[in-house]
Structures are given as structure tokens and as C-alpha cells.
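Student: Structure below; questions to follow.
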Amino acid sequence: MQDELIAEQVNTGLVKQGAWDVEEFARAATIAVERLGAYVDKSQRGENPVVVRRPPRELAERLELERWIREGGMTPETFEKFLAVYLANGTQLHHPGYLAHQTAVPDFPAALAEFVHGAMNNPMDIYEMGAAAVVVEVEVTRWMLTKVGWDPDTGGAILTHGGSLANLTALLAARAAAAPSAWTDGVPGDLAVLAPCSSHYSIARAAAMMGLGERSVIPLDTDELERIIPERIPVAVERARRAGRRPMALVANACATGTGLYDDLRRIGEHCREHGIWLHVDSAHGASALLAMEHRHLLDGIELADSMVWDAHKMLRTPSLAAGVLLRRGEDLDRAFHQEASYLFYGDRSQGIDLITRTVECTKAELGLKIFCNLAWRGEGGLGAYVSGQYATAHRFWELARERPGFECPYEPQTNIVCFRRGCSDDAQIAIREYLMKEGTFHLSSTQIAGSRYLRLTVMAPATDEETLHRLLDAIDRASRASREVGRPGD
Ligand SMILES: Cc1ncc(COP(=O)(O)O)c(C=O)c1O
Numbered sequence: 000m001q002d003e004l005i006a007e008q009v010n011t012g013l014v015k016q017g018a019w020d021v022e023e024f025a026r027a028a029t030i031a032v033e034r035l036g037a038y039v040d041k042s043q044r045g046e047n048p049v050v051v052r053r054p055p056r057e058l059a060e061r062l063e064l065e066r067w068i069r070e071g072g073m074t075p076e077t078f079e080k081f082l083a084v085y086l087a088n089g090t091q092l093h094h095p096g097y098l099a100h101q102t103a104v105p106d107f108p109a110a111l112a113e114f115v116h117g118a119m120n121n122p123m124d125i126y127e128m129g130a131a132a133v134v135v136e137v138e139v140t141r142w143m144l145t146k147v148g149w150d151p152d153t154g155g156a157i158l159t160h161g162g163s164l165a166n167l168t169a170l171l172a173a174r175a176a177a178a179p180s181a182w183t184d185g186v187p188g189d190l191a192v193l194a195p196c197s198s199h200y201s202i203a204r205a206a207a208m209m210g211l212g213e214r215s216v217i218p219l220d221t222d223e224l225e226r227i228i229p230e231r232i233p234v235a236v237e238r239a240r241r242a243g244r245r246p247m248a249l250v251a252n253a254c255a256t257g258t259g260l261y262d263d264l265r266r267i268g269e270h271c272r273e274h275g276i277w278l279h280v281d282s283a284h285g286a287s288a289l290l291a292m293e294h295r296h297l298l299d300g301i302e303l304a305d306s307m308v309w310d311a312h313k314m315l316r317t318p319s320l321a322a323g324v325l326l327r328r329g330e331d332l333d334r335a336f337h338q339e340a341s342y343l344f345y346g347d348r349s350q351g352i353d354l355i356t357r358t359v360e361c362t363k364a365e366l367g368l369k370i371f372c373n374l375a376w377r378g379e380g381g382l383g384a385y386v387s388g389q390y391a392t393a394h395r396f397w398e399l400a401r402e403r404p405g406f407e408c409p410y411e412p413q414t415n416i417v418c419f420r421r422g423c424s425d426d427a428q429i430a431i432r433e434y435l436m437k438e439g440t441f442h443l444s445s446t447q448i449a450g451s452r453y454l455r456l457t458v459m460a461p462a463t464d465e466e467t468l469h470r471l472l473d474a475i476d477r478a479s480r481a482s483r484e485v486g487r488p489g490d
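Numbering that gives the first Met the number 0 puts the first residue of the sequence shown at 0, with every later residue one more than the last.
Written as C-alpha cells, this is what we have:
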């Protein structure tokens with residue numbers, strides 16, 4: 000009977016091609032959980048190389064990508080083999096020696112949220128496509144607004160796929176406030192964005208994408224560590240006005256991507272208020288210090304801003320991506336976009352909250368769930384303790400490094416980002432970084448400050464401890480000596 004039914008379904012084209020075999024799913028998921036658990040465990044103990052650098056072709060062959068794409072037919076058992084090679088050839092963020100970029104070392108509650116999203120896939124920009132996901136996002140962003148010091152009933156917020164998109168969204172709101180007809184008539188040619196040279200490149204990109212042109216970004220005067228000099232803001236405003244430009248927004252860093260240093264938000268905010276300029280705070284990395292009692296003062300004055308961004312996929316330990324765009328006045332966010340979509344809406348008859356009017360994206364992942372799960376598991380206090388811990392470890396590195404001969408540390412760190420030099424030349428910094436990556440022991444990044452190249456350390460992994468820091472300093476000395484021996488500029 001069953002066979003006849005299947006035969007009939009095949010004949011009529013009704014066979015359920017692609018429906019889940021839930022037993023196979025459970026087997027594959029069990030394997031994945033076991034493999035991932037072992038991966039994180041080994042990684043946290045620093046037992047694997049922190050980063051593997053194979054030529055792309057060789058790696059594609061090891062993963063047998065062409066064959067799998069051509070033939071298909073993966074099973075839980077062959078997936079296990081594939082996953083082992085895949086995991087071994089990625090960058091190990093949980094590793095104590097992972098000290099490079101600001102990518103979150105994800106916590107497992109948020110990883111579970113990703114898993115749920117992967118199965119459920121509620122593209123929750125409209126309420127009917129994910130009511131639970133919408134209310135989770137709304138409550139999470141109301142919590143974020145409260146942390147900033149804004150009223151969640153009058154403020155406005157949205158989660159978006161990353162800090163770059165969040166900056167664009169905030170600047171679109173600023174543009175709508177400065178030039179309400181820009182959406183329909185195009186952008187007036189006199190708009191300007193004031194920003195320090197240290198602002199993230201997504202700011203200049205946003206200006207270019209919004210049709211203002213990159214040249215509309217007018218640099219603010221900064222000190223030797225690229226922080227905005229607040230008392231020089233009137234000079235920049237005057238300079239812009241003399242050039243026939245209308246400052247649409249001023250962007251401050253909290254903190255700057257390169258140095259991890261915060262701008263003085265209170266004094267900057269006061270200048271913006273005085274000149275009637277929209278203040279946007281790019282706090283993609285540093286906003287999480289709002290949760291850490293002893294670091295909250297670094298964001299003093301943020302409540303004076305008109306908009307700010309807060310990436311959970313940096314210091315709130317969610318996998319990429321989940322970024323908050325927060326505005327002091329909710330109506331400013333509503334004015335950023337205007338769109339009709341008759342296949343989604345018909346007047347005001349929605350039964351819930353449609354977030355789609357506030358985002359670049361149409362389809363959106365369940366971003367709030369990741370933040371919610373970390374909050375629900377660890378509590379606000381737990382996340383704050385993580386931020387404090389990482390900031391403290393970076394500070395400890397600075398204390399140790401500045402006592403070592405050959406190290407130059409240009410400033411006391413305020414966050415989990417520290418810049419330093421070992422030896423004099425720019426090339427020496429690059430040689431050290433490359434050496435350590437080749438060894439597989441430490442993954443550092445590098446940046447320029449005022450035109451000179453520095454090594455850059457970002458303490459993200461909870462596994463990085465005092466012992467790691469001593470090993471790192473020894474490894475840097477070793478790398479410096481080795482580069483000199485092979486004629487590279489180690490000093
Ligand atoms: C200050 C700042 N703003 C924006 C961004 C961009 O964020 P995303 O990579 O999520 O687009 C970064 C990324 O490092 C950042 O540090």
C-alpha cells in the first residue's frame with residue numbers, strides 16, 4: 000500500500016523531494032555537536048595552530064570541494080570527515096593565541112541560537128514571518144536603548160547585519176533629518192560628514208553609497224593618537240561652511256578600530272548641540288563597556304548623541320553578525336527609509352510589529368535571538384564581566400610590554416585593543432606578525448597610527464591569560480631575532 004502510494008506520488012510529481020529525514024538530521028547534528036565540542040576544547044587549550052595558511056587550491060583539494068559539488072551524496076559519516084578537515088583549516092578564535100581582529104569568540108548560547116535559526120529560518124522583517132523572533136528583537140533593542148540612557152518608548156532601534164550596515168542606516172537617518180526630500184529628489188550637493196581620520200572605513204563608504212561622495216567626509220582635527228580634539232570642532236564646522244558645505248552629521252569613535260581609544264563624547268556632544276549637528280557615535284566595538292561598571296565612564300556623554308551603533312558580534316560574544324542601530328528619537332529612524340511593497344503590506348492591517356520599514360534588508364536573520372540567548376544564559380553581569388576581563392588582560396599586556404627592552408607602547412590602552420612596536424621600522428612589525436602566523440602560535444593584527452605601522456593586539460578569547468602574555472612577549476622577541484638573522488628588518 001505504502002509502495003503504491005509512493006509510486007503514485009512519483010507519477011503525479013508529488014513525491015516530497017528534499018523533506019527532512021529527521022533521523023539523519025539527528026545523527027548528523029550529534030556528530031556536529033561532538034566534533035565542535037572537541038574543536039572548541041582543543042582550541043581553548045591552545046593545542047592546535049591558531050591559524051593555518053595553505054594555498055587556496057591545495058585547501059580546496061583537501062576539502063574535496065569539486066567532487067562534493069559535482070557528485071553530492073554526503074552522509075552524516077562523510078560529513079564528519081569533511082568537518083574535521085574544515086575545522087582544522089579555519090582560524091581558531093577560541094585559542095589563547097588568537098589576538099588579531101575584533102571578531103567575537105562566540106559563546107555557546109548564541110551558537111545554539113544560530114542553530115535554531117538554521118532550522119527554523121524565520122525571516123522576521125514582518126511580524127507574520129516570525130512573531131517570536133520579532134518580539135525577541137524588540138525586547139533586546141529596548142534593553143540596549145536603556146543601557147545607553149535613552150527612553151525605549153521614544154527612542155528607536157533595529158538590529159542589522161553588521162556594523163557597516165548599521166553605520167549606513169544611522170547616516171541615512173541623519174541625511175533624512177538634514178535633507179528630507181533626498182529620498183525622492185536625490186541628494187543635495189552641499190551635505191558633509193565630519194569625521195576623524197581614525198573612523199572606520201564604513202563611514203566613508205556610507206557617504207559614497209548615499210551619493211554624497213567620499214569628498215564630502217571632512218576630516219576633524221585629531222591629536223597624535225587620532226582622537227578628536229573637541230575644541231577644534233568649531234574650526235571644522237567653519238571650514239565646511241566656508242567650502243559651501245552643510246554638516247549633516249559628525250561621527251565620533253567609541254572606540255576607534257585601530258587604537259581602541261575612545262573620543263571624548265561629552266565634550267563632542269556639547270559642541271554638536273551648540274552647532275545643531277547630528278552626532279553619530281560609532282561604538283560598534285566599545286559600546287559593550289556600558290555593561291562594565293568600571294568602564295562605563297568611557298562612554299560618558301553618549302546620551303547626547305542622536306544615533307549610535309553597537310555590534311554584538313564583537314564584545315557580546317555572538318557569531319557574526321548582529322549589530323544594533325540605536326536612535327534617541329524613534330521617528331528619525333522611521334524617516335530613514337520609504338518603501339512600498341504591495342506583496343507584503345496592505346495598509347495598516349498588520350497584527351504585530353513590522354520591522355522592515357527600518358532596515359536596508361528585506362529578508363533578515365533572527366539576530367535578536369543570538370543576543371538574547373547570551374543575555375539569558377550569562378546575564379548582563381556575566382557579559383559585563385567578560386568585557387572587564389578582556390580590558391584587564393590587554394592592560395596587563397601593556398604593563399608587561401612597556402617594561403621589556405625593545406618594545407614601544409605609545410599609549411595606555413582603554414579597551415582590549417593595544418598597539419605597540421618591537422623594533423624601529425614598519426617592516427619589522429610586519430615581519431614579526433608573519434613569523435608568528437607561520438609558526439601557528441599567535442595571530443596578531445597591525446595598524447597604522449599617524450603614518451607609522453604598529454603591531455595590534457585585541458584580547459578576545461577568554462582563554463588568553465597571564466601565561467599567554469608572557470609566552471607572546473617571548474615569541475615576539477624570538478620572531479624579531481629570527482627576522483634579523485635572515486636579513487629581514489627585525490629591528
Ligand atoms: C568602529 C567600527 N565600526 C564599524 C565596523 C564595521 O563592522 P562590521 O565588520 O560588522 O561591518 C568596525 C569593524 O571592525 C568597527 O571597528
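In this text, a Cβ means the ideal position worked out from N, Cα and C, and glycines have one as well.
Specify, as a first and last residue, the run of the beta strand (DSSP E) that Y261 falls within.
Tutor: Here residue 261 is taken as the residue at index 262 of the sequence shown, counted from 1. Run containing Y261: none; DSSP gives neither H nor E here.
Student: Rounded to whole angstroms, what's the CA-CA distance from L58 to N88? Just pull it up for me.
Tutor: Along the sequence shown, read from residue 1 onward, the residue named residue 58 stands at position 59. Along the sequence shown, read from residue 1 onward, the residue named residue 88 stands at position 89. C-alpha separation (whole angstroms): 8 angstroms.
Student: With a threshold of 6 angstroms on Cβ separation, who are the neighbours of L368 within its own chain once the five nearest residues in sequence on each side are excluded?
Tutor: Sequence index remark: in the sequence shown, residue 368 carries index 369 (1-based). Answer for L368: A112 and V135, listed in chain order.
Student: For the segment 418-463, list the beta strand (DSSP E) runs that are entirely contained and at least 3 residues long, ordered along the chain.
Tutor: The qualifying runs are 442-448 and 451-457.
Student: Where do the N-terminal and C-terminal ends of the alpha helix (DSSP H) with W142 fall, by residue?
Tutor: Within the sequence shown, numbered from 1, the residue matching residue 142 stands at position 143. That run of the alpha helix (DSSP H) goes A130 to V147.
Student: Leaving out five residues on either side along the sequence, give the residues of the same chain with a beta carbon under 6 angstroms from the beta carbon of T256.
Tutor: Taking the first residue of the sequence shown as 1, we reach residue 256 at position 257. Cβ within range, chain order: H199.
Student: Where D426 and E269 are concerned, what is the direct C-alpha to C-alpha distance, given to the nearest angstrom?
Tutor: Within the sequence shown, the letter at position 427 stands for residue 426. Within the sequence shown, the letter at position 270 stands for residue 269. When rounded, the distance between both Cα atoms is 41 angstroms.
Student: Thinking C-alpha only, which one of R395, H337 and R420 is nearest S445?
Tutor: Residue 445 sits at position 446 when you count from the first residue of the sequence shown. Of R395, H337 and R420, the residue nearest in Cα terms is R420.
Student: Does the contact criterion of 3 or more C-beta pairs under 8 angstroms hold for the segment 111-128 versus the segment 469-483?
Tutor: Too few Cβ pairs lie closer than 8 angstroms, so no.
Student: By how many angstroms is the C-alpha of E407 removed from the C-alpha of D490?
Tutor: As a first step, residue 490 must be located in the sequence shown, where it is residue number 491. As a first step, residue 407 must be located in the sequence shown, where it is residue number 408. With a pLDDT of 46 at D490, under the threshold of 50, the modelled position of this residue cannot be trusted; read the value that follows with caution. The straight-line gap from Cα to Cα measures roughly 12 angstroms.
Student: Applying the criterion that 16 or more other CB atoms from any shown protein chain within 10 Å of the CB defines a buried residue, is G422 buried or exposed?
Tutor: Locating residue 422 in the sequence shown gives position 423, counting from the first residue. The residue in question, G422, is buried, as its Cβ has 16 or more Cβ neighbours within 10 Å.
Student: Closer than 8 angstroms: is that where the CB of A255 sits relative to any heavy atom of ligand 2?
Tutor: Ligands present in the displayed structure are limited to ligand 1, and ligand 2 is not among them.
Student: When we look at the beta-carbon of L92 and count the other beta-carbons within 10 Å, is it buried (16 or more) or exposed?
Tutor: Here residue 92 refers to the residue found at position 93 of the sequence shown. That one is buried.
Student: I'd like to confirm something about A235: is its beta-carbon nearer than 8 angstroms to some heavy atom of ligand 1, or not?
Tutor: Taking the first residue of the sequence shown as 1, we reach residue 235 at position 236. A235: no, Cβ never under 8 angstroms from ligand 1.
Student: Should V308 be listed as close to ligand 1, given that the test is whether its C-beta is under 8 angstroms from any heavy atom?
Tutor: By 1-based counting over the sequence shown, the position of residue 308 is 309. Yes, the beta carbon of V308 sits closer than 8 angstroms to at least one heavy atom of ligand 1.
Student: Rounded to whole angstroms, what's the CA-CA distance from R480 to D333? Just pull it up for me.
Tutor: The residue you call residue 480 lines up with position 481 of the sequence shown. The residue you call residue 333 lines up with position 334 of the sequence shown. Rounded to the nearest angstrom, the two C-alpha atoms are 58 angstroms apart.
Student: Are F441 and V104 touching if we call contact CB-CB under 9 angstroms?
Tutor: On the sequence shown, residue 441 is found 442 positions in, with the first residue counted as 1. On the sequence shown, residue 104 is found 105 positions in, with the first residue counted as 1. No, the pair does not count as a contact, with Cβ atoms beyond the cut-off.
Student: Buried or exposed: where does M292 fall if 16 or more other Cβ atoms within 10 Å of its Cβ makes it buried?
Tutor: Residue 292 sits at position 293 when you count from the first residue of the sequence shown. Under this definition M292 is an exposed residue.
Student: Between V250 and H279, which are expected to be in contact by the criterion C-beta below 8 angstroms, what is the C-beta distance as a whole number of angstroms?
Tutor: As a working note, residue 250 is residue 251 in the sequence shown. As a working note, residue 279 is residue 280 in the sequence shown. The pair is a contact, with the Cβ atoms about 5 angstroms apart (cut-off 8 angstroms).
Student: Whole angstroms is fine: what's the gap from R266's alpha carbon to G300's?
Tutor: In the sequence shown, residue 266 corresponds to position 267, counting from 1. In the sequence shown, residue 300 corresponds to position 301, counting from 1. Rounded to whole angstroms, R266 to G300 spans 8 angstroms at the Cα level.
Student: Hey, would you say the C-beta of S180 is under 8 angstroms away from at least one heavy atom of ligand 1?
Tutor: The residue given as residue 180 occupies position 181 in the sequence shown. No, the beta carbon of S180 sits no closer than 8 angstroms to any heavy atom of ligand 1.
Student: For a minimum of 3 consecutive residues, which ranges assigned as the beta strand (DSSP E) are wholly contained in the segment 165-200?
Tutor: Runs of the beta strand (DSSP E) inside the segment 165-200: 190-194.
Student: Spatial neighbours of R327 within its chain, please: C-beta separation below 6 angstroms, excluding the five flanking residues on both sides.
Tutor: Locating residue 327 in the sequence shown gives position 328, counting from the first residue. Excluding positions up to five away in sequence, the list reads W149, G154 and D305.
Student: Roughly how many angstroms separate the alpha carbons of T258 and A239, rounded to a whole number?
Tutor: Locating residue 258 in the sequence shown gives position 259, counting from the first residue. Locating residue 239 in the sequence shown gives position 240, counting from the first residue. Those two C-alpha atoms are separated by around 27 angstroms.
Student: Out of T102, G351 and S424, point me to the one whose CA is closest to D310's CA.
Tutor: Locating residue 310 in the sequence shown gives position 311, counting from the first residue. It is T102.
Student: Using 10 angstroms around the beta-carbon of P54, count the other beta-carbons present and answer buried if the total reaches 16, otherwise exposed.
Tutor: In the sequence shown, the residue the question calls residue 54 occupies position 55. Exposed is the call here.
Student: Using DSSP's beta-bridge definition, name the partner residues of V324.
Tutor: Against the sequence shown, residue 324 aligns to sequence position 325. In DSSP, V324 forms a bridge with I157 and V308.
Student: Can you determine whether any heavy atom of ligand 1 sits closer than 8 angstroms to the C-beta of G161, and answer yes or no?
Tutor: Taking the sequence shown and counting its residues from 1, the one referred to as residue 161 is at position 162. Yes, since a heavy atom of ligand 1 falls inside the 8 angstroms radius drawn around the Cβ of G161.
Student: Is it the case that the CB of A322 approaches a heavy atom of ligand 1 more closely than 8 angstroms?
Tutor: As a first step, residue 322 must be located in the sequence shown, where it is residue number 323. Because some heavy atom of ligand 1 lies under 8 angstroms away, the Cβ of A322 counts as near it: yes.
Student: Taking the alpha helix (DSSP H) that A391 belongs to, which residues open and close that run?
Tutor: Numbered from its first residue, the sequence shown carries residue 391 at position 392. Where A391 is concerned, the enclosing alpha helix (DSSP H) stretches over L366 to E402.
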